[in-house]
Amino acid sequence: DPKRVVAVVDGVTLVAATSVKVLQDGDTYDALLQIAHRLHDVLVSLPGSEAHLQLHIQTLFEAWWKKGLQEREKFGRVTFLISLQKSFALQKPGAE
1 DPKRVVAVVD
11 GVTLVAATSV
21 KVLQDGDTYD
31 ALLQIAHRLH
41 DVLVSLPGSE
51 AHLQLHIQTL
61 FEAWWKKGLQ
71 EREKFGRVTF
81 LISLQKSFAL
91 QKPGAE
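Using the working numbering, the letters of the sequence shown map in sequence onto residues 1 to 96.
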């Protein structure tokens, strides 16, 4: 069931975002990094109809960027590009 899959991925995203918030200097986060890579793959392949999940993953990557964690450039870049793409889509004539 696609709705169930989206709900599970959304739950994983929520747990990952919460984990990023509580990370402290010196903490290891190898498993969290692996999850972030999987969520990155999900993010770049999500259809526009899953905007809420897209936003949740982007929020995770913004927190990742702010913490200065490994591979922040990769995750930050895709978040920036998707935001930019949405911005251009909203500015197209007839998109109102």
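All C-beta atoms, glycine included, are put in the ideal place defined by N, C-alpha and C.
In this text, all values refer to a predicted model and were calculated from it rather than measured experimentally.
Annotation for D30: the continuous alpha helix (DSSP H) segment containing it runs 30-45.
Given a length threshold of 4 residues, each whole run of the alpha helix (DSSP H) inside the region 43-69 is given here in chain order: 51-67. For L81 and V12, the gap between their C-alpha atoms comes out near 23 Å. Per DSSP, reduced to three states, the secondary structure at L23 is coil, with no helix or strand assignment. DSSP, reduced to helix, strand and coil, places E71 outside both helices and strands of the structure shown, so it counts as coil. Within a 10 Å sphere around the beta-carbon of A31 sit fewer than 16 other beta-carbons, which makes this residue exposed.
A straight line joining the alpha-carbon of D41 with that of T28 spans about 22 Å. Excluding sequence positions up to five before and after I35, its CB lies within less than 8 Å of the CB of V12, A16, all in the same chain and listed in chain order.
In the three-state reduction of the DSSP assignment, D1 falls in the coil class, being assigned neither a helical nor a strand state.
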